[in-house]
Structure formats: structure tokens, C-alpha cells
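Respectively, the protein sequence lines represent chains A and B.
Here the first sequence is numbered in my numbering, starting from 1 and rising by one per residue.
Here the second sequence is numbered in my numbering, starting from 1001 and rising by one per residue.
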Amino acid sequence: MSADSPGTISRDEVAHLARLARLAVTDRELDLFAGQLDVILGAVARVGEVVADDIPPTSHAVPLVNVFRPDERRPGLTQEQALACAPAAEDGRFRVPQILGEEA
Amino acid sequence: MELTRLSAAALAEKIHSREVSAVEAAQAHLDRIAAVDGTVHAFLHVAGEAALESASLVDAALDAGTPPASPLAGVPLALKDVFTTSDMPTTCGSKILEGWRPPYDATVTARLRAAGITILGKTNMDEFAMGSSTEYSAYGPTRNPWDTTRIPGGSGGGSAAALAAFEAPLAIGTDTGGSIRQPAAMTGTVGVKPTYGGVSRYGLVACASSLDQGGPCARTVLDAALLHEIIGGYDPLDSTSIDAPVPSVVEAVRAGASGDLSGVRVGVVRELGGEGYQPGVERAYRAAVERLEKLGAEVVEVSCPHFEYGLAAYYLILPSEVSSNLARFDAMRYGLRVEGGASAEEVMALTREAGFGPEVKRRIILGTYALSSGYYDAYYGQAQKVRTLIARDFAAAFEQADVLVSPTAPTTAFPMGDKVDDPLAMYLNDLATIPTNLAGIAAMSVPCGLAEEDGLPAGLQIMAPALGEAQMYRVGAAYEAARDADDDTPLIQRVPSLEVSR
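Below is the structure:
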């Protein structure tokens, strides 16, 4: 993707982003979202008006430090608990669809 | 007075003195829910049996002469459906988690249980807390008890409406950009966003991790403070939890209720008002500021020049975090799975398409865009710098004032359907609440009368520096006491009565 026109987004770009985000959006949604996202991007692009070259970014409001805890055994979920809400389970494990597609 | 009309503090007193049993209190609220929730739809799940059982344990302990587990033991509460509960479903208002029973309790849930609070059920919300009207819930909207053709605010519309409909005297919300405070303003109730890290996020299903904060909702400032002290405090299970004592907010409320604010500097934020704000909301707010002045507060005007970029920065940072956080819903370990795809990736895409609603999809796509190479610096990176500038604006303002004030939301509750297809118009609801989330500081909304053009409640927002909750609660309590003394009845008792179904 190129950055030559911030604040505008095409239907094709939305389709590409939806694929990256694992969303099987419909054609109707693409039409709808492309228009709405274009309006939203036009509004949020305003952050670019702020001169902030020498301003440090903030990723977290409170300064983060690494937090350690004592390396002690403590109970976790049982296998039964972990699998209780699985869409599919077999032999005490999560059953998942085949990971790779046909062509792989 | 009916049990459901009492404040949590008054109800607790009756329960602890054994004038009323906790079971009676729970049953009264369950009956009220049965009577009005068909109209209001504040709840996604009502846990009647569990509530009565929990209340009977409180009764048994009190009858045995054991002191109450907390000042709110036996008082019923409505829990936003974004906190995990091992004995109730947790859906976050989303189809992707329909029927999900988490294998563990959130820290907030665990603390409520330990305090003997009766959890009545789980409240409706915009899907994954994305929205300002509760219309983006996959399970249908919640209606505002003040006018059931209007929205109750969002995302915590269910919790706020439950309070205003007298279905519960206490509720829990979460506030990422205003989801506790804006619904409080829309429903004439009190909502508090504590300092980031003040209430544990363990078991709070993430929307935007650097912004999310759980907090208390109630009908009075004292009730919010009592609940705040129960849910707040350090939790080793949340690495962003603040390892410091919970501010003494109950003591602050009791001090504030005496009504003397001399020596307190209140900063009026110049940028939060004017264009885009409903005249009746602004008038109610100005009257509230005058009242604070009459109570002895020194009112000064402060300027926060970067607030005008807050909304833009927020709607880049939030979707970016959302796109990453919601990647966990992959149809493999829990939640919905739509079969029919040839591979895990296809199953994932089909499941997420079916399980997420339009606003969640929009934000995931927006966040994916803002984080993509070529756009990252211009959008996400720049938004993080604006975040720094907003925090600096606050720091400068708090040199001139102890607390800052503004209207909580630019308008009163709007009609359902008005903004649901216009995302940007919906986002503008959060104009005045977003800056505090970006800076991680504390803020609350206290009802400040009704707007004259529509007779609907408006909110006064009070903001305080990180861990400055005591001063904020003091000002809120003083204002509330003066407001109620001037009016004949507390504002919330003026909610029109709802049609009751039996």
C-alpha cells in the first residue's frame, strides 16, 4: 500500500484489509464500509495537523515497568475446564479444521 | 419507600440492622426486573436463583452475628457483560461469544462476591464496548428509562438503564472513551472512571487495553464511592494494576457532603463546550459551575489546546488495539465456529464475519489500516504523539486547578436509530470524555439537572489527576448535596414511571 493519499480509502483497500483481518465481508458490506471508513479517515487524519516531530509517543498513560511474580506453582485451568467451551474437542485436545488450504 | 427506590447505602443499613433481609432486597429487584425489563432490556442474563442463594448466605452470616463482609454486603448489583463470571454467560454483547461460560471469574467479579454483593445478572452493552448508544449490541438495544424511544448511552447503556429503572441500586461499567460516564449522563445517574490501573482488568474482556478501565455506577455519589473501594486496589493478576492504596473516596464523600468547597480550585476547560454542544446541556452545566462557586470553590478557566485532536487520536489508537485484541476470536478454543471453510483460515474468516457486528468490523478494519506499513507513522505513531500532548495539557491545567469540569456529553439522550448508520456522528458523543482516557486520569459524571428543551438529564464531568479521586468525589458529593437541597427531590426520583408488566 502507498501512503500518497491519507484520508481516503478505496473499496479494494477495504477488501484487502478485511482479508488481512480474517473477515469474510460481503460485497454489500464492502460498499458500505468503504464509504463510512473514508469519512472516518478524513476526520482522524486531522492528527497530522499537529506539529509533533520532537514529541515522544505515549503508548500507555501510566509508565510501565516489567512486573515479576514469585516463580511458584499455582493452579491453572484443568483440561476439562479448558475444553469445556471449545467448538470441537477430541481425545482431550482442541479439534481444529485443517490448518493449510488445498493448494498448500 | 420501596426497597428498589433506596440508595445502596440506605438499603445496606436496613439489611445490616436486620430490618430487611438480603433475600428480600434481591427478590424486590428481581421482581422489578421481571416487571420492567421487557421494556428497558438492560439485562442480557438474569441470575435469579444464584442471586437469591448468594443473598441467603449473607443473611445467614448476619443472623449468626458475623459482621457484614463489606459496607455493601447484601446489596444487589448489575454487572456489565464484559466481566467474566464462572456461573453466568459472558457475551460482551456479541454473537461470537453467545452462550460462552468462562472458566474463571474476573477479579472485579471475585471482589464483588467476597464483599457479599448480590450479582443480579449481566447487563447489555455495545458489542465489545464499541459504541455510544448500546444499539450495537447483537442482542438488541437497551431503552432509556427517561424516554423509552431514546438511547441510554453506551457502551454501558445496560448498567446505566438498570440504575435509572430501579432494577439495581449498583452497577459495574467499563470506560474506554466514556462508556461509564456518557451513559450516566444520559440516564441521570452517577458513573466513575477510576485512574487507569485503579481497578483490575483481569477478566475484563479487552477492547483497547491501554484505555479500558472498570468502575462503579450508582444513583448517588456515596454509593459509587462505597463500590469503588470494594472493586479498587492492587491485583497481581493485572500487570498494569497500580500498587498503591485505593484513594479514600468514601471519607472524601462524607467530607464533601457538608457542602464546603472553600480552597478547592475548579478549572473550567475552555475547549469542552460551545460548537456541537446542545444549549440546554450547556446551560445546565453553567448552572452547575455557578453552584460549585457558591459552595466556596474558586473557579478558573483553563485551556487544553490539544483536546480538539483527542477524538482523532482516540479513533486511531483504539481501533489499532482492537484489531490486535480481537484477533483472539479465531473459532478454535472457545466461542462461535462457523463450519464450511476448507481451512482453519477460512473457518476463521467465516466465523468472524458471522460473529461480529458492523461497528466491530469497521474498527478492526480501521485499526488494521492504521497499523499497516506506510500508514503507521502518519496515523498510529502521530496519534501516540498527540496522546502525549493531551497528557501535557492536563498536567498544565492541574497546576492551575485541583479538578477540571466540563459537560460529560455534548447532548442529552438522542432518539434510537438517529446515529446508528453514521459512525462519525456516533463518535462525537465521546468528545468530552475521551481526553481523560488518553491521559489515564480519573473522571466522573454527576447528573446536573435536565436540559430545558427536552427535559432529559445532563451530566457534569469532574476530572482529577491520576489517583486524585478523593478530591473528585469530594466535589461531586458537595455538588450533589447542594443540587438535591435546592430541588425538592433527588433528580433520579423524577424518572417517569415505566409501564409495568405483571
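Backbone N, C-alpha and C fix where the C-beta goes; we use that ideal spot for every residue, glycine too.
Here the structure is a predicted model, which means the values were calculated and not measured.
- Within the segment 30 to 61 of chain A, the residues whose Cβ lies closer than 8 Å to any Cβ of chain B are, in chain order, Leu32, Phe33, Gln36, Leu37, Val39, Ile40, Leu41, Ala43, Val44, Ala45, Arg46, Val47, Gly48, Glu49, Val50, Ala52, Ile55, Pro56, Pro57, Thr58, Ser59, His60, Ala61.
- With a threshold of 7 Å between beta carbons, Gln98 of chain A makes contact with chain B.
- With fewer than three CB-CB distances shorter than 8 Å, the segment 1127 to 1139 of chain B does not count as touching the segment 1009 to 1016 of chain B.
- Using a CB distance cut-off of 7 Å, Val1420 of chain B does not count as an interface residue toward chain A.
- Non-local C-beta neighbours of Thr1149 of chain B in its own chain, meaning closer than 7 Å and more than five positions away in sequence, comprise Pro1415, Met1416, ordered along the chain.
- Two segments are said to touch when three or more pairs of C-beta atoms, one from each, lie closer than 8 Å; by this definition the segment 1203 to 1211 of chain B touches the segment 1076 to 1087 of chain B.
- Cβ proximity to chain A below 9 Å picks out Val1347, Met1348, Ala1349, Leu1350, Thr1351, Arg1352, Glu1353, Ala1354, Phe1356, Pro1358, Lys1361, Arg1362, Ile1364, Ile1365, Leu1366, Gly1367, Thr1368, Tyr1369, Ala1370, Ser1372, Ser1373, Gly1374 from the segment 1347 to 1374 of chain B.
- The contact set of Arg93 of chain A on chain B, defined by CB atoms closer than 7 Å, is empty, because the minimum CB distance reaches about 11 Å.
- Taking 7 Å as the cut-off, the Cβ atoms of Val1405 of chain B and Glu1127 of chain B do not count as close.
- Judged by their CB atoms, Ala1161 of chain B and Pro1169 of chain B are not nearer to each other than the 7 Å cut-off.
- Under a criterion of Cβ atoms nearer than 7 Å, the residues of chain B adjacent to Pro87 of chain A are, in order, Ala1331, Arg1337.
- Close CB contacts of Ala1401 of chain B within its chain, under the 7 Å cut and outside five residues either way in sequence, are with Arg1265, Val1266, Gly1267, Val1300, Val1302 (chain order).
- For Gln1461 of chain B, there are no neighbours in chain A by C-beta distance under 7 Å, as the nearest C-beta there is about 18 Å away.
- Burial state of Phe1166 of chain B is buried, judged by a 10 Å Cβ sphere holding 16 or more other Cβ atoms.
- By the Cβ rule, the segment 1170 to 1190 of chain B counts as touching the segment 1432 to 1450 of chain B, because three or more pairs are nearer than 8 Å.
- The C-beta of Ala24 of chain A comes closer than 7 Å to at least one C-beta of chain B.
- Membership of Ala1396 of chain B in the alpha helix (DSSP H) is indicated by the continuous run 1382 to 1400.
- At least one beta carbon of chain B lies nearer than 7 Å to the beta carbon of Gln81 of chain A.
- Annotation: Pro56 of chain A to Ile1390 of chain B spans about 12 Å, alpha carbon to alpha carbon.
- Secondary structure note for Val1299 of chain B: its beta strand (DSSP E) is the uninterrupted segment 1298 to 1302.
- Listed in chain order, the positions of the segment 1396 to 1424 of chain B with a beta carbon within less than 7 Å of a beta carbon of chain A are Pro1423, Leu1424.
- Distance from the CA of Leu1077 of chain B to the CA of Asp1223 of chain B, rounded to the nearest whole angstrom, comes to 11 Å.
- At a cut-off of 7 Å between beta carbons, Gln1213 of chain B makes no contact with chain A.
- Pairing Cys1448 of chain B with Ala1432 of chain B, the inter-Cα distance amounts to about 16 Å.
- Apart from sequence neighbours up to five positions away, the residues of its chain that approach Val1338 of chain B with a beta-carbon distance below 6 Å are Leu1350, Thr1351, Ala1354, ordered along the chain.
- Scanning chain B for C-beta atoms nearer than 8 Å to the C-beta of Arg69 of chain A yields Pro1236, reported in chain order.
- Between Tyr1234 of chain B and Gln1213 of chain B a beta carbon distance of about 15 Å is seen, past the 8 Å cut, so the two are scored as non-contacting.
- Within the segment 1043 to 1082 of chain B, the runs of alpha helix (DSSP H) at least 4 residues long that lie entirely inside it are, in chain order, 1048 to 1063.
- For the pair Glu1271 of chain B and Phe1307 of chain B, the CB atoms are nearer than the 7 Å cut-off.
- Beta bridge pairing from DSSP links Asn1124 of chain B with no other residue.
- With its beta carbon at least 7 Å from every one in chain A, Thr1176 of chain B lies outside the interface.
- At least one C-beta of chain B is nearer than 7 Å to the C-beta of Ala21 of chain A.
- For the options B:Thr1091, B:Asp1087, B:Thr1118, the alpha carbon positioned closest to that of Asp1105 of chain B is the one of B:Asp1087.
- Gln1493 of chain B is bridged by DSSP to nothing; it lacks a bridge partner.
- The beta carbons of Gly1296 of chain B and Ser1262 of chain B sit closer together than 7 Å.
- Nearest CB-CB separation between Ala15 of chain A and chain B: not below the 7 Å threshold.
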